[in-house]
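Protein chains in written order, with this note's numbering: chain A, 6 to 359; chain B, 886 to 1152; chain C, 40 to 338.
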Amino acid sequence: MTENAAVEVQKASRVYGAGSSAVRALDEVSLTIRRGEFFTLLGPSGCGKTTLLRLIAGFETPTTGQILIDGKDVSQTPPNQRRVNTVFQSYALFPHLTVSQNIGFGLEMLGRPRAQIKDAVARMLALVKMEKMADRRPQMLSGGQQQRVALARALAPEPEVLLLDEPLSALDLKLRKEMQLELKRLQTETGITFVFVTHDQEEALTMSDRIGVMSAGNLLQVGAPREIYNRPVNRFVADFIGETNFLTATIRNGIPRLSNGEAVQAKGPARLDGKTVTLAVRPEQVRIDPEGPIHATIAQTVYFGTDTHCHLRLADGTELVARLQSPPSGDIGLKAGEKVRIGFVPGAVQMLEG
Amino acid sequence: MARRDFSVSALPGFGTIAVIAFVLLYAPIVTMVIYSFNDSESVALWGGFSTRWYAAAWENTQVQEATIRSLIIAVSAALIATTVATMAALGTTRRGKFKGQTIIYIMINQPLMVPEIVTAVALLIFFAAIKVATGIQGLGYLILAHSAFCVPFAYLPIRARLEGMDMTLETAAADLYASPWQTFRRITLPLLAPGIAAGAMLSFVISLDDVIITEFVKSAGQDTLPTYMLGQLRRAVTPEVNAISTALLVLTVLLLTAFFLLTRRRG
Amino acid sequence: MARSSPARTGWLLSTPALILLFIGALGPLAIVVVYAFLEPGEYSGVVWNFSTEAWFRVFFERDIFDDTVSMADAHLTIFWRSVKLSLLTTFITFVIGFPTAWFIATRPPTQRAIWLFLITIPFWTNLLIRTFAIMEVVRNQGLLNSFLMWTGVIGRPLQILYTDTAVLIGMAYVYLPLMVLPLFAAIDRFDFKLIEAGYDLYASRTKVLRRVILPIVRPGIVAGSILVFVPSLGAYVTPRILGGGKNMMIGNFIELQFGQGRNWPLGAALSLILLLIVLVALIAYVRVTSNDGGRDGQT
C-alpha cells in the first residue's frame, strides 16, 4: 500500500481462549509504521501493546487480519524467518555465551562468514560502547550494560524493524534518562525503524517520531508527540498523556458554559449547540487571574520546587489543578480557603465529545 | 483456515517420546497389579479374577512376621532419623555460614553419595565384629543401619521448609516477649511441622523399601518383607509375591499422596 | 547478653546426626579400608596379617600349579560389563528422559503437577517391586515377547531374561525417574524468553535445541547422568534378578566375596574401587556445575 511502510498491520485481532472465556487482547487494529521512524506504542498494562509487538515479531499469530513487513504478508511466517529483531524486557541474554558471542549469535544463525561476524560484532560493541566487556558473561554486567548488549545483539543482523518491549523498565530513573537519549541516538545513526513499547508517557513523548496510544485492545490515536499532547482525540488519551483537568460544560451560542453559567474562553462549533461536552485543560495552562471569568476557591497548595500545584474547587464542586511557577521566594502567596478567579491560556482548552 | 501460533516450547517428537515413556513406565506396574488378581497358579495365563493370593499372603506366617519386622524397623528408623535430622537442620540452616558447615552437610548426605552395596559391605564387616566381640544379637543392628541411611531423606525436606520460613516471625515473637524456648515451641516448631512430617514419611518409605543393606546386615530369621520377597524368587515371580508387591505399591502411593499434600500447603 | 556462636550451636545440634552417621555408615567404611589389606580367613572373615594380595587379585590371577600370573579376565569382564551397562543405561535414560522432562515442564501449571506426580510414583516405588514388574515383561511369555510376536517381528520368543539386555532394560526402567527429575528441575528454571530470543535471532528448531537449550540446562543433564550412573554401577538387585547368576555386575561380584566366594579382603578391595569410581564421578560433577556461569569458557 504505502511505498515507505516498514510494517503494516491490517485489521489484526488476537483472541485468547475460546467461547465465553475468550479474551480479545487486540481488536481489529490497523496501523502503518513508516520506514526509519521511531514509533512508540503507548498504553497502560493490558492494553494490547505487547500483544501487537509479539504479532509483529512472530511469536503469536493474529486470529484475524494481516501483518505486512516490507510489503510482504508475514502473518504465518515463523519468527526465525522474519527480518525483525527484538529487545526483550528481561533482555533474555544467553547466560552461557559471552557478550561478543551474544551479539554475533544472529549473524551466525544466518550463516554469515566468520570474518563478517567478527567485523559486525566489533562495530556493534563500539556503537554501544561495550568494547571492554566483550569477553564477559551477561550475568557479570550491570542492568544498563546488559541493556546495551541486548540492543547490540538485536541490531547486529541489521533487521528491517527493531522491536523494543519496555526495555527501560528495569533501570533506575537516572539510567533510564540516559538510555532514552542513547536509544534515540542509535536510531538516528542506524536509520533502522524502531517500534518501542512503553507505558511511560514521558518516555514516549521525548523519544518518538510518532506515538500510537492504545487502550483495551484498540488503537485510539496515532500522531506526533505534540499532536497527541495538544490535540487528544478523547478523554482517555487526554488523561493518559500528561496531567489534565476535566470540566463539564454545555455549549450555548458557540460558547461553553459551566453549570453556573460562567463562560469558558474557548470556541465550540455551532453544531454542538445545546450539547454537553467535556473540556480538557492542562494544569500549566490554568492561570490565577483577577480578570478571569471563573470563580474558584483554593483547596490546597503543594510545593514541588520549581512548580507549585494549586488545587482549586469551582462553584459546581469540580476540582482543578493549576501548575504555577514558584516565585524566587518559594511562596506563591495563596492560602487554602482563599477565593480567586481563574482563566485559561487562549487556545489551550480542548473540547472532547461525550 | 485455522491459524496456529508459533510454539516456542515445542520440539519435534518430544511429546510422542514422553507419552511413550509414561506408557512404558506404567505398563509393567499395571500388568503386575492385574496379575496379582489372577486365579491361575501360573503367572503366565489368566485364570479369572480372584483375591486368593492376597488371602494366601495374609495367612502366611513368614509374610506376617516379615511385615511386622519391616514395620518395627521402619517406624523406629523414621523416628530416630527425623529427630536427629530436625536438630541438624535447625543447627545448619538460617544461622549464617559457619566453619565446618560444609563438612556437616557432606556427612549428612554421605549415604546418598556412597553406593549402597559399599555401605552394606562396611556394615556387614563392622557388625560381624561387634557380634563376635559382644555376642549381642537382635534387631538393633538393622534399626541402627536404617536410621543412618534415612537421615538425609529426613533432613532435606525439613531444611527446605526451614529455608522457606520467614525469619521475621521469630523476631516478631521475641519482640513480643517470648523466650527463645517459647519462640521455638510456639512459632518455629508448628511452622516446621509439615516439613518434619514429610521427612518422617520419606524415611519410613525408604526404610520399608530397603533391600541391599538389610540383606547384608540381617541375621538368620531376620527377613524383612523385601528380603523375604527376594528370597522367594526362583525362576519367576510367584502370584503371592505379586500380591505383596501390589499391597506395598498401594501403601507407597498413599504415603506419597499425603507427602504431596503436606509439602504443597506451604505458606 | 552472651550469645552462643552459630558454629557452636550448629555443631551441637548436628552432633546426634553425625554420631548416628558415623556409627551407621561412615565409620564402617574406614574398617573396609583396613580389611582390604588383610589376608582372607579360611571360611569367612580375615586373618590379621598385612597383605596386598586382595588388590593383586582384583586384576591378576595366579595359576595354582605353576604360579604363573595372568590377567584376571573374569574380573575384568565384570568390570567392563558394569561400566558398559551403566553408560548405556545413562544414555538411554537421557534420550527418553529429556523429552519427557521437557514435556512435563511445558504443560500448563495445573497439568504439570499431575505429570510430575506420575513420574514420582515409580520413583518412590520399591526398586524390588519395579524389577519384578519388568521381569514379568521381559520373560519368554512376557509382555515384550507377546508384543513382538503379535507384530510379527519375531516368530518365536526371544530369550531376553538372564541376558545383559534384560539387565539393561531393567536398569533403564528403574532409573528413568532419576534422570527425569533433575532434568525437569533444570528445564523448569529455564527462562523460555531465551528460546524466543533464539528464534528472534534466526535460529532453527534444532539450532535452538543445540545452541540455547542444551548448554543452559547442562547442570541438570550432568546431575541426572550422575544420579543414574552411580547407582547403576553399584546395582545389585536388578542384575541379580534379571541377569541370573551369570551376568554379574560389580555389586553382585562383591556380594559373592562375602557369600560363596568367602574372600572378604577381595570384597573390601572391590568395594573401595567402586567407591573410588563414584567419587571421581562426583568430583567431576561438582567441577562441571561450579564452573557453569563462571568465566568465559573459550579464552
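Backbone N, C-alpha and C define an ideal beta-carbon position, used for all residues, glycine too.
For residue i, three-class secondary structure by DSSP
i	result
Lys-16 of chain A	strand
Ser-121 of chain C	helix
Ile-340 of chain C	Any property of residue 340 of chain C remains undetermined from this structure, which presents chain C solely from 40 to 338.
Arg-1044 of chain B	helix
Ser-894 of chain B	coil
Asn-165 of chain C	coil
Arg-250 of chain C	helix
Leu-329 of chain A	strand
Phe-349 of chain A	strand
Pro-913 of chain B	helix
Thr-170 of chain C	helix
Ser-264 of chain A	coil
Leu-68 of chain C	helix
Ile-79 of chain C	Looking at the sequence itself, residue 79 of chain C is Pro, so the reference to Ile does not match. Pro-79 of chain C: strand per DSSP, three-state reduction.
Arg-244 of chain C	helix
Asn-286 of chain C	coil
Gln-355 of chain A	strand
Ser-109 of chain C	strand
Trp-87 of chain C	strand
Tyr-275 of chain C	coil
Neighbour flag for residue i against chain A, beta carbons, 9 Å
i	result
Lys-285 of chain C	no
Val-893 of chain B	yes
Gly-259 of chain C	no
Leu-233 of chain C	yes
Thr-1142 of chain B	no
Below-9 Å beta-carbon distance, residue i vs any chain C residue
i	result
Val-89 of chain A	yes
Phe-64 of chain A	yes
Met-6 of chain A	Its pLDDT being 48, under 50, Met-6 of chain A is placed unreliably in this model, and the coordinates cannot settle the point.
Leu-46 of chain A	no
Gly-898 of chain B	yes
Gly-976 of chain B	yes
Thr-1073 of chain B	no
Val-1122 of chain B	yes
Residue nearest to residue i in terms of C-alpha spacing, selected from the options
i	options	result
Thr-916 of chain B	B:Leu-1134, B:Leu-1118, B:Gln-986, B:Leu-1027	B:Leu-1134
Lys-272 of chain A	A:Arg-119, A:Pro-351, A:Leu-132	A:Pro-351
Arg-301 of chain C	C:Thr-54, C:Arg-47, C:Ala-46, C:Gly-84	C:Gly-84
Ile-303 of chain A	A:Arg-346, A:Thr-311, A:Ile-197, A:Glu-248	A:Arg-346
Phe-1101 of chain B	B:Ile-1129, B:Leu-1009, B:Ser-921	B:Leu-1009
Gly-976 of chain B	B:Met-992, B:Ser-1104, B:Asp-1094, B:Arg-1044	B:Arg-1044
Gly-933 of chain B	B:Ile-957, B:Trp-943, B:Gly-985, B:Ile-919	B:Ile-919
Phe-945 of chain B	B:Ser-1088, B:Leu-1093, B:Val-1126, B:Ala-1030	Looking at the sequence provided, one finds Asn at residue 945 of chain B rather than Phe. Taking only the C-alpha atoms, the option nearest Asn-945 of chain B is B:Val-1126.
Ala-951 of chain B	B:Pro-1124, B:Ala-1143, B:Ala-1105, B:Phe-1144	B:Ala-1105
Beta carbon of residue i nearer than 9 Å to that of residue j
i	j	result
Leu-305 of chain C	Ala-93 of chain C	yes
Ala-1013 of chain B	Ala-56 of chain C	no
Pro-1111 of chain B	Asn-165 of chain C	yes
Gly-148 of chain A	Ala-125 of chain A	no
Thr-193 of chain A	Leu-167 of chain A	no
Arg-195 of chain C	Pro-913 of chain B	no
Gln-270 of chain A	Pro-298 of chain A	yes
Tyr-324 of chain C	Ala-224 of chain C	no
Thr-55 of chain A	Phe-201 of chain A	no
Ala-970 of chain B	Val-893 of chain B	no
Ser-1064 of chain B	Ala-959 of chain B	no
is_contact[residue i, chain B] using C-beta, thresh 9 Å
i	result
Asn-165 of chain C	yes
Pro-164 of chain A	no
Gln-305 of chain A	no
Ala-24 of chain C	As shown, chain C starts at 40 and ends at 338. That puts residue 24 of chain C outside it, with no answer to give.
Ala-56 of chain C	yes
Ser-44 of chain C	yes
Within chain E, partners of residue i - CB distance below 8 Å
i	result
Thr-68 of chain A	Among the protein chains in the structure shown, which are A, B and C, there is no chain E.
Which runs of the beta strand (DSSP E), 3 residues or longer, sit entirely within the region 38-70 of chain A? As summarised for the region 38-70 of chain A, the continuous beta strand (DSSP E) elements at least 3 residues long and confined to that stretch are 43-47, given in chain order.
Output the residue ranges of the beta strand (DSSP E) runs that lie fully inside the region 208-240 of chain A and measure 3 residues or longer, sorted by chain position. Taken in chain order, the complete beta strand (DSSP E) segments of 3 residues or longer contained in the region 208-240 of chain A are 215-220, 223-228.
Unbroken stretches of the beta strand (DSSP E), 3 residues or longer, contained in the region 968-996 of chain B: Qualifying beta strand (DSSP E) stretches: none in this window.
Which ranges would you report for the alpha helix (DSSP H) in the region 995-1037 of chain B if only whole runs of at least 4 residues count? Fully enclosed alpha helix (DSSP H) runs of 4 or longer: 1001-1019.
Output the residue ranges of the alpha helix (DSSP H) runs that lie fully inside the region 74-155 of chain A and measure 4 residues or longer, sorted by chain position. Runs found: 104-114, 119-132.
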